[in-house]
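> No gaps in the numbering here: position 126 of the sequence shown is 125 in numbering that gives the first Met the number 0, and each next residue is one more.
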Amino acid sequence: MIEKSPVSTAFGTFTWNDPCWESEPISVPVLGGAPVRVQIFEAEATDLFAPDEAGALQRFLALPRERSAEIIPHLWRYYQDVLKAIGPEDMPEIAEPSDIWAHVQPHWISLGRGEDGLVYVSIESECDWEVEHGLQLVLQNGDRWVRVSDYSGHLTDGAAWGKSALDEWMKDPNAMLPVRGSEDFHAARRDRK
Numbered sequence: 000m001i002e003k004s005p006v007s008t009a010f011g012t013f014t015w016n017d018p019c020w021e022s023e024p025i026s027v028p029v030l031g032g033a034p035v036r037v038q039i040f041e042a043e044a045t046d047l048f049a050p051d052e053a054g055a056l057q058r059f060l061a062l063p064r065e066r067s068a069e070i071i072p073h074l075w076r077y078y079q080d081v082l083k084a085i086g087p088e089d090m091p092e093i094a095e096p097s098d099i100w101a102h103v104q105p106h107w108i109s110l111g112r113g114e115d116g117l118v119y120v121s122i123e124s125e126c127d128w129e130v131e132h133g134l135q136l137v138l139q140n141g142d143r144w145v146r147v148s149d150y151s152g153h154l155t156d157g158a159a160w161g162k163s164a165l166d167e168w169m170k171d172p173n174a175m176l177p178v179r180g181s182e183d184f185h186a187a188r189r190d191r192k
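1. What residue from W100, I85 and H153 has the CA that sits closest to R66's CA?
2. Taking the continuous beta strand (DSSP E) assigned at Y119, which residues delimit it?
3. Within its chain, find whatever has a CB closer than 7 Å to the CB of R189; leave out the 5 residues flanking it on each side and keep chain order.
4. What do you reckon, are the CB atoms on V130 and L74 nearer than 8 Å?
5. Where does A84 land, buried or exposed, given buried means 16+ other C-beta within 10 angstroms?
6. Shortest alpha-carbon distance to L176 belongs to which of G11, R191, E52 and G157?
7. Which class does L136 belong to by DSSP, given the choice of helix, strand or coil?
8. Identify, in the order they occur along the chain, each residue of the same chain with its Cβ nearer than 7 Å to the Cβ of L117, setting aside the five sequence neighbours on each side.
9. Which residue from G113, P34 and W20 puts its Cα closest to that of S124?
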């Protein structure tokens, strides 16, 4: 294993933890102040962040807690889908949508570049209702929610399902992420190869 010196950035010091650079925990306001580590999957330490990546991460870290309310309907829908699929006996009881964030534990932030060339901030989380697949939250350019789902590593629903129609709403810069469930993902038309 090659020893790599820590790298100082505007977001704190990153140390090499093979296979990625990893920050110290950063308090994230939009996630209720949860301490989350940023991971950068680049082997070279010359520039950990391109300017647009640094901008996306800065916008994300500046989001106020109130913005987390925007995805409560999406989290609730995900919870309801899992509840329907496996039944209440193996699920935590969450009485109200407003209680859902108490059942989410964010751990990692990574940056990715989509097919559109834009930067996406992806948050890998655990959630009490889906311990196997967890939870992934994605923001385009660090400030627009574009995906709430089980963790797959994909940056958009269209990429995850091979159905670009699921991402059509994103063409309107003022549109918000539609609340969708598993039946919506299955019903969308699959892309032709």
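Glycine included, every Cβ here is placed at the ideal spot set by N, Cα and C. These numbers were taken from a predicted model, which means no experiment stands behind them.
Considering the structure as presented:
1. As a working mapping, residue 66 is identified with position 67 in the sequence shown. Taking only the C-alpha atoms, the option nearest R66 is W100.
2. Residue numbering aside, residue 119 sits at position 120 when the sequence shown is read from its first letter. Taken as a continuous stretch (DSSP letters only), the beta strand (DSSP E) holding Y119 covers V118 to C126.
3. As a position in the sequence shown, residue 189 is number 190, starting the count at 1. Residues of the same chain with a CB within less than 7 Å of the CB of R189, apart from the 5 flanking positions on each side, are G161 and K162 in chain order.
4. Your numbering for residue 130 matches position 131 in the sequence shown. Your numbering for residue 74 matches position 75 in the sequence shown. Cβ distance not < 8 Å, so V130 and L74 don't count as in contact.
5. Reading the sequence shown from its first residue, position 85 is the one you call residue 84. It counts as exposed.
6. Locating residue 176 in the sequence shown gives position 177, counting from the first residue. That would be G157, whose Cα lies nearest to the Cα of L176.
7. For the purposes of this step, residue 136 is taken as the residue at position 137 of the sequence shown. Three-state DSSP puts L136 in a strand.
8. Within the sequence shown, residue 117 is the residue found at index 118, counting from 1. So the list reads Q139 and N140, once near-sequence residues are dropped.
9. Taking the sequence shown and counting its residues from 1, the one referred to as residue 124 is at position 125. The option with the nearest alpha carbon to S124 is P34.
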